Amino acid sequence: MYAVVQTGGKQYRVSPGDTLEIERLGTEAGGSVELNDVRLLNRDGEVTIGAPTVAGASVVADVVEHKRGPKVVIYKMRRRKGYRKKAGHRQELTVLKVKEIKA
């Protein structure tokens, strides 16, 4: 059994027991979160596609930790103009462990 869930503007394929990193949620570490935006649900070959979401379906997960992703360097330059700009970014992430998929 697996589901496709949308959170933070991205879609993730999840199964019970999976660990995934998503954009930061406001839930404390050690707490539980329920993701209701289920786009697709596969129950042993029986596929249900949402329009846009599957009614009554949700994914329950535990919040393992909050962390920061790898540093991304942003460098802008205009040739022959003397313009150079360098910046960095680290995305705030939440690590989830999927407990169950409710259908």
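What the sequence shown shows, in numbering that gives the first Met the number 0, is residues 0 to 102, in sequence order.
Quick reminder that beta carbons are idealized off the backbone N, C-alpha and C, glycines included.
No experiment lies behind these values; they were computed from the predicted model shown.
In whole angstroms, what is the alpha-carbon distance linking residue i and residue j?
i, j, result
"Y74", "G81", "13 Å"
"L95", "R78", "44 Å"
"G8", "R38", "12 Å"
"A56", "A102", "4 Å"
"A86", "V46", "44 Å"
"I48", "N35", "14 Å"
"K84", "Y1", "44 Å"
"L40", "G25", "26 Å"
"V32", "T6", "12 Å"
I'd like to confirm the pairing. Which residues does DSSP put opposite residue i in its beta bridges?
i, result
"N41", "Y1 and V46"
"K84", "K75"
So, under 8 Å CB-CB, residue i and residue j are touching, yes? Tell me the CB distance rounded to an integer number of Å.
i, j, result
"E22", "V59", "Not confirmed; about 19 Å, so no contact."
Looking only at its chain, what residues have a beta carbon closer than 6 Å to the beta carbon of residue i, apart from the 5 residues adjacent to it on each side?
i, result
"G30", "V62"
"E20", "L92 and V94"
"Y11", "V4 and L19"
"Q90", "G68"
"E64", "A28 and V94"
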